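Novice: FYI, the numbering used here numbers position 200 of the sequence shown as 204, with every residue one higher than the one before it.
All residues carry an ideal CB built from backbone N, CA and C; glycine is no exception.
Just so it is clear, the structure is predicted and the values come from calculations on it, not from any experiment.
If you scroll down you'll find the structure; I have some questions about it.
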Amino acid sequence: MSVAARASNVRVDQFFTGAEARFDRWRSLLQAARAWEGTARQRPEDEKYQAAITVSFAELRQWEDFFAYPGQALLRSLSERIVSGDAGGTARLVQSLSTALLTHSYRSNLTDWEGEEQSPIGLSDRVPGAGEETAPHRPYFEVLVVSPARPAAWSELAQELRKLRRPQDKFIYEPVFVGSFEDGVLATILNGGLEAVMIYEGIPFASSHHNPVLREVLTSHLAASGIGANSVQYGLALAQGLKQLRPELDIYFLSDREVEKVAGDTSAACVRRVFYQVEEPLELHLSILDGIADRYDTPYFDNLQKYAQRPMGTFHALPVARGKSIFKSNWIRDMGKFYGLNLFLAESSATTGGLDSLLEPTGNIKVAQEKAARAFGADHVFFVTNGTSTSNKMVEQALLAPGDIMLVDRNCHKSHHYGAVISGALPLYVEAYPLTQYSMYGAVPLRTIKKALLDLKAEGKLDRARLLVLTNCTFDGHIYNVERVMEECLAIKPDLIFLWDEAWFGFARWSPFYRRRTAMGAAAILESKFKDPAYRAAYKEQEKKLGADLDPKDKSLLETRLLANPDKVRLRVYQTNSTHKSMSCLRQGSMVLVKDPDFHTVEEQFHEAVFTHASTSPNLQIIASLDVARRQMELEGYELVNRAIQLALDVRREVNSHPLISKYFRVLGADDMIPAEFRNSGFVDYLTPGANWATAVKALKEDEFALDATRLTLVCGSAGFDGTQFKNLLAAEYDIQLNKTSRNSVLLQTNINNTRSDIAQLIKVLVEISQGIEKKLADGGTKGREAFASRVKSLMTDVPNLPNFSSFYCRFREDPSSKTSEGDMRSAFFGAYREEQCEHLKLSSPEIDKRLKEGPELVSANFVIPYPPGFPIMVPGQVINTETIEFMRKLDVKEIHGFSAALGLKLLNPAAMQASNPANKSASDVSGNAKRKHARAAAGD
Ligand SMILES: Cc1ncc(COP(=O)(O)O)c(C=O)c1O
Numbered sequence: 005m006s007v008a009a010r011a012s013n014v015r016v017d018q019f020f021t022g023a024e025a026r027f028d029r030w031r032s033l034l035q036a037a038r039a040w041e042g043t044a045r046q047r048p049e050d051e052k053y054q055a056a057i058t059v060s061f062a063e064l065r066q067w068e069d070f071f072a073y074p075g076q077a078l079l080r081s082l083s084e085r086i087v088s089g090d091a092g093g094t095a096r097l098v099q100s101l102s103t104a105l106l107t108h109s110y111r112s113n114l115t116d117w118e119g120e121e122q123s124p125i126g127l128s129d130r131v132p133g134a135g136e137e138t139a140p141h142r143p144y145f146e147v148l149v150v151s152p153a154r155p156a157a158w159s160e161l162a163q164e165l166r167k168l169r170r171p172q173d174k175f176i177y178e179p180v181f182v183g184s185f186e187d188g189v190l191a192t193i194l195n196g197g198l199e200a201v202m203i204y205e206g207i208p209f210a211s212s213h214h215n216p217v218l219r220e221v222l223t224s225h226l227a228a229s230g231i232g233a234n235s236v237q238y239g240l241a242l243a244q245g246l247k248q249l250r251p252e253l254d255i256y257f258l259s260d261r262e263v264e265k266v267a268g269d270t271s272a273a274c275v276r277r278v279f280y281q282v283e284e285p286l287e288l289h290l291s292i293l294d295g296i297a298d299r300y301d302t303p304y305f306d307n308l309q310k311y312a313q314r315p316m317g318t319f320h321a322l323p324v325a326r327g328k329s330i331f332k333s334n335w336i337r338d339m340g341k342f343y344g345l346n347l348f349l350a351e352s353s354a355t356t357g358g359l360d361s362l363l364e365p366t367g368n369i370k371v372a373q374e375k376a377a378r379a380f381g382a383d384h385v386f387f388v389t390n391g392t393s394t395s396n397k398m399v400e401q402a403l404l405a406p407g408d409i410m411l412v413d414r415n416c417h418k419s420h421h422y423g424a425v426i427s428g429a430l431p432l433y434v435e436a437y438p439l440t441q442y443s444m445y446g447a448v449p450l451r452t453i454k455k456a457l458l459d460l461k462a463e464g465k466l467d468r469a470r471l472l473v474l475t476n477c478t479f480d481g482h483i484y485n486v487e488r489v490m491e492e493c494l495a496i497k498p499d500l501i502f503l504w505d506e507a508w509f510g511f512a513r514w515s516p517f518y519r520r521r522t523a524m525g526a527a528a529i530l531e532s533k534f535k536d537p538a539y540r541a542a543y544k545e546q547e548k549k550l551g552a553d554l555d556p557k558d559k560s561l562l563e564t565r566l567l568a569n570p571d572k573v574r575l576r577v578y579q580t581n582s583t584h585k586s587m588s589c590l591r592q593g594s595m596v597l598v599k600d601p602d603f604h605t606v607e608e609q610f611h612e613a614v615f616t617h618a619s620t621s622p623n624l625q626i627i628a629s630l631d632v633a634r635r636q637m638e639l640e641g642y643e644l645v646n647r648a649i650q651l652a653l654d655v656r657r658e659v660n661s662h663p664l665i666s667k668y669f670r671v672l673g674a675d676d677m678i679p680a681e682f683r684n685s686g687f688v689d690y691l692t693p694g695a696n697w698a699t700a701v702k703a704l705k706e707d708e709f710a711l712d713a714t715r716l717t718l719v720c721g722s723a724g725f726d727g728t729q730f731k732n733l734l735a736a737e738y739d740i741q742l743n744k745t746s747r748n749s750v751l752l753q754t755n756i757n758n759t760r761s762d763i764a765q766l767i768k769v770l771v772e773i774s775q776g777i778e779k780k781l782a783d784g785g786t787k788g789r790e791a792f793a794s795r796v797k798s799l800m801t802d803v804p805n806l807p808n809f810s811s812f813y814c815r816f817r818e819d820p821s822s823k824t825s826e827g828d829m830r831s832a833f834f835g836a837y838r839e840e841q842c843e844h845l846k847l848s849s850p851e852i853d854k855r856l857k858e859g860p861e862l863v864s865a866n867f868v869i870p871y872p873p874g875f876p877i878m879v880p881g882q883v884i885n886t887e888t889i890e891f892m893r894k895l896d897v898k899e900i901h902g903f904s905a906a907l908g909l910k911l912l913n914p915a916a917m918q919a920s921n922p923a924n925k926s927a928s929d930v931s932g933n934a935k936r937k938h939a940r941a942a943a944g945d
């Protein structure tokens, strides 16, 4: 297929990552080379194969300009072999180059740089670490040099750089030269091994590559990151653009003019150092290495390693420290053997002697957290060793006081509900849209959130709405338009605080596509938007139309794209992420990210919350792995995340297009997971014919919700399995583990750990299972087929309706007639501590139906959380209605937290609660407290 023809076919799944597409191109070249070699011996006159490899090589050649390896010399050698008709030599060289690329061996192996034979092209001067074979491993990376010099001069420049290498350098790099703004962007997109960029002043704009596929990649990425080169000073524009694509890159600017002026230019803030071109090449080299060292440096982990190597007498309460009780034991020596000595040498309960205190960090944990803040784009980061369950409760306790209103997705993780109990804040549940067919919820529409805020305003309670809590992305992959949610909410309440639970989404920072939809990415966008005079002018226009104080009775506000008042907003954003869920971090490692100009006003509370929840014996290995996870993401996160997304797209494509698998299984696309009304761009799915880079980018920019491609909902009900059954089958028979299940689906996910082999294994297993179904159906006769059809129908169509939150019982409402539904869940929760106030009713009991019809109302005493779906279908103080009971009765899952089938539903007994009991606050008590608290706040107390 010609290059031009290919371009029209570029689908997003074919090119999500440059690296995977690159490997495919090398594989195609290898196939072509082998085919040529095979025929050349028998039919040397047949030129078809030589012509094929010539085309294949030409196609690959222009992409290779963006990588240091194999580099111009080896590619030239390959070209010469093809032209000279050396089929065998071509096949051998392609084989060795593609192996080196696939295994990344060229990053440490000298011979890879010499081709497949004994240095046929004499490139010892190009080899990383040449002449230092015995030196310890030095991580290898590539440096992009964007230079206006003639390409002929590039190899000389490269030599100059190589001459600067010193034996004591901790890292080693090879330069990659390009000559324009556009090629600079392309190289940064395609080459995940780049860690630093040198930009010379005076570069031209246009790419020298006339490849329509490259053009498409370039255009969509420029659009995705909003890079625009409207400046004549393309060098600085490029620096800014690249920082948007990959904020972790170190950028150096080389000018031959007045460098002081360039350095003083505010647009050069993204540049790590400005150099006068011809001066101090060694300084430049050292700066490049220093920039990498800064990211590589893991202060806590490094210190822990040093600590572990020191002789240490321990007289504290941690017998496993140093491992003597284990390695000398007669009975538990195997534990030592399994985990290895270092784990025990690195165990300590000390917070001194090179180790720091997680609860009050002043040393290397503090520095590690500061580095994480830089990496994630936050002002502050706090490491947490008890999972995001704890991080969420910490943030909520820190930000909320009794009587505050917390708007929260009812379908969120249970830690938030407990956060409301702990803080005494009144949860105001906002409902996500249901995906009834798959027994799961989507995300909360912005309209619902705006309505809740406007209702609070109408009721005179907006000042008490302090925090909005949303899950981004949801368990099932719904990603919010974070920027828009915050902007429109701030238009209604300029000081509303946001907590984005990004338990699953920490990795998204390293994807230029997803970054804008993360809490920190969106906060950065809004921060600059609010400073933009054009935004201020647009807001003034809105103010003329709608007034400065939005009228909550104005229904049109729900449909209007609201702008926030840039002079009033306080952009206060918190994010929690389970680093262990998406990065190389030990289980329970989590982070709290803070970007809040008013953090100083809550800092004391925040520390109190840390003291409340954090263990006083935090696990040192978890802290160290948080530090290391940050290092990895800053150095290779871009490459790894892109690969995870690519693999997910591969699974989607393979499952949905496989003739056998797709008869029984299907991975849900964006169109299944997100109703059309929330996909304004018209985007259907990543794999829909016609979908390409541009459509995916547009959707990520504009739509209310997007789907995280790495979260794959695989429908298994159509294969006759319920989610739990299928999960168990995969685990028991095929050693495949997965995460979540629903009535008729399972959730698979790819992450930075997955490989193409994992995907191949999954597909093979699905084929096997599908073959098993086929056989069973073929052998089972009509009865068997009918039974299968009826099972599928039951799983796929007889699905229970998902019950919405009903209401809090009037006793737990300040004003039961209020339009807004917040309730005092904490009083209900502790009310259930009094046995005399509780009753139990069996789920099947007719008494339940009677009470539903005639009263008194059924009031839940506790959280009832079935797994799946994993959200509380009852919370303390909630009135239980017919839908909830129906849902419970239809539930066929075994694990239901807060519910014992033997005892029945635990209810608060309204009659008993009427009796005076000092532990129970009456509704008026609640509002009295709230009034007192807010009077205190008003008085500045
Ligand atoms: C949305 C969400 N938030 C928080 C958590 C809790 O995270 P952790 O397991 O790190 O405690 C989970 C766990 O599954 C979750 O799904």
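Can you give the beta carbon distance from residue 496 to residue 470, rounded, assuming they're within the 8 Å contact cut?
Specialist: About 14 Å; that fails the 8 Å criterion.
Novice: Does the stretch 836-846 come into contact with the stretch 805-820, if we say contact requires no fewer than three beta-carbon pairs (one atom in each stretch) closer than 8 Å?
Specialist: No, because fewer than three Cβ pairs between the stretch 836-846 and the stretch 805-820 fall closer than 8 Å, the two stretches do not touch.
Novice: DSSP three-state call for residue 718: helix, strand or coil?
Specialist: Looking at residue 718 - three-state DSSP - the assignment turns out to be strand.
Novice: What separation, rounded to the nearest whole angstrom, lies between the Cα atoms of residue 811 and residue 883?
Specialist: Computed Cα separation, rounded: 6 Å.
Novice: Need the endpoints of the alpha helix (DSSP H) that residue 696 sits in, please.
Specialist: From DSSP, residue 696 is part of no alpha helix (DSSP H); its letter is neither H nor E.
Novice: Measuring alpha carbon to alpha carbon, tell me which of 359, 297, 352, 489 ends up nearest residue 562.
Specialist: Nearest C-alpha to residue 562: 489.
Novice: At what residue ranges does the stretch 378-411 contain a whole run of the alpha helix (DSSP H), taking only runs of 4 or more?
Specialist: Qualifying alpha helix (DSSP H) stretches, in chain order: 391-403.
Novice: Between the alpha carbons of residue 270 and residue 279, how many angstroms are there, rounded?
Specialist: So the alpha carbons of these two residues sit roughly 16 Å apart.
Novice: In whole angstroms, what separates the C-alpha of residue 98 from that of residue 199?
Specialist: Straight-line Cα distance between these residues: approximately 27 Å.
Novice: Per DSSP, what kind of secondary structure is residue 521 in: helix, strand or coil?
Specialist: Note: residue 521 maps to helix in three-state DSSP.
Novice: At a cut of 8 Å, does the stretch 710-727 reach the stretch 644-655 through at least three beta carbon pairs?
Specialist: Short answer: they touch.
Novice: For residue 780, which residues from the same chain have a beta carbon less than 8 Å from its beta carbon, with the 5 sequence-adjacent residues on both sides left out?
Specialist: Once the five neighbours on either side are set aside, the close Cβ partners of residue 780 are 788, 792.
Novice: Restricting to Cα atoms, I'd like to know which of 58, 817, 244, 261 is closest to residue 1008.
Specialist: Limits of the chain in this structure are 5 at one end and 945 at the other, which puts residue 1008 out of reach.
Novice: Let me check you understand the geometry: is the CB of residue 294 closer than 7 Å to at least one non-hydrogen atom of ligand 1?
Specialist: No, the beta carbon of residue 294 sits no closer than 7 Å to any heavy atom of ligand 1.
Novice: In this structure, does DSSP put residue 367 in helix, strand or coil?
Specialist: Correct three-state label for residue 367: coil.
Novice: Could you compute how far the alpha carbon of residue 517 sits from the alpha carbon of residue 42?
Specialist: When rounded, the distance between both Cα atoms is 43 Å.
Novice: Determine the contact status of residue 856 and residue 909, defining contact as a CB-CB distance below 8 Å.
Specialist: No. Outside cutoff.
Novice: Work out the CA separation of residue 750 and residue 742 for me, nearest whole Å.
Specialist: Looking at the two C-alpha atoms, the distance is approximately 8 Å.
Novice: Count the other CB atoms within 10 Å of the CB of residue 314; is the residue buried (16 or more) or exposed (fewer)?
Specialist: Exposed is the call here.
Novice: Would you mind giving the Cβ-Cβ distance between residue 449 and residue 706, rounded to the nearest angstrom? I have them listed as a contact below 8 Å.
Specialist: The pair is not a contact, with the Cβ atoms about 15 Å apart (cut-off 8 Å).
Novice: How far does the alpha helix (DSSP H) with residue 655 in it extend, from its first residue to its last?
Specialist: First-last of the alpha helix (DSSP H) with residue 655: 624-661.
Novice: Any idea if residue 591 is buried or exposed, counting beta-carbon neighbours within 10 angstroms, 16 or more meaning buried?
Specialist: Label assigned to residue 591: exposed.
Novice: Is residue 592 a contact residue of ligand 1, with contact defined as CB to any heavy atom under 7 Å?
Specialist: Flag set: Cβ of residue 592 near ligand 1.
Novice: So what does residue 482 bridge to, in DSSP terms?
Specialist: According to DSSP, which records beta bridges pairwise, residue 482 is partnered with 711.
Novice: Considering only residues of the stretch 424-448, which uninterrupted beta strand (DSSP E) runs meet the minimum length of 3 residues and lie entirely inside it, listed in chain order?
Specialist: 430-434, all fully within the stretch 424-448.
Novice: Rounded to the nearest angstrom, what separates residue 918 and residue 412 at their Cα positions?
Specialist: Straight-line Cα distance between these residues: approximately 29 Å.
Novice: Evaluate residue 24 with the Cβ neighbour count: other Cβ atoms within 10 Å of its Cβ, from every protein chain shown; 16 or more gives buried, anything less gives exposed.
Specialist: Looking at its Cβ environment, which holds 16 or more other Cβ atoms inside 10 Å, residue 24 is buried.
Novice: To the nearest angstrom, how far is the alpha carbon of residue 407 from that of residue 704?
Specialist: Between residue 407 and residue 704, the C-alpha separation is close to 37 Å.
Novice: Consult DSSP for residue 475 and reduce its assignment to one of helix, strand or coil.
Specialist: Residue state, collapsed to three classes: strand.
Novice: Can you look up residue 307 in the DSSP assignment and give me helix, strand or coil?
Specialist: In the structure shown, residue 307 sits in a helix (DSSP, three-state: H, G or I).
Novice: Where DSSP assigns a beta bridge to residue 277, which residues make up the other side?
Specialist: According to DSSP, residue 277 bridges with 256.
Novice: Expressed to the nearest angstrom, what Euclidean distance is found between the alpha-carbon atoms of residue 446 and residue 875?
Specialist: Residue 446 and residue 875: Cα-Cα distance of roughly 12 Å.
Novice: Between the beta-carbon of residue 402 and the beta-carbon of residue 613, is there less than 8 Å?
Specialist: Yes, these two residues count as a Cβ contact at 8 Å.
Novice: Does residue 920 pass the burial test, meaning 16 or more other C-beta atoms within 10 Å, or should it be called exposed?
Specialist: Summary for residue 920: the model assigns pLDDT 43, below 50, so the residue's position carries little reliability, and this model does not support an answer.
Novice: Going straight from the alpha carbon of residue 324 to that of residue 581, what length do you get?
Specialist: The alpha-carbon atoms of residue 324 and residue 581 are separated by roughly 30 Å.
Novice: Of the choices 439, 385, 56, whose alpha-carbon is the least far from that of residue 94?
Specialist: For residue 94, the nearest C-alpha among the options comes from 56.
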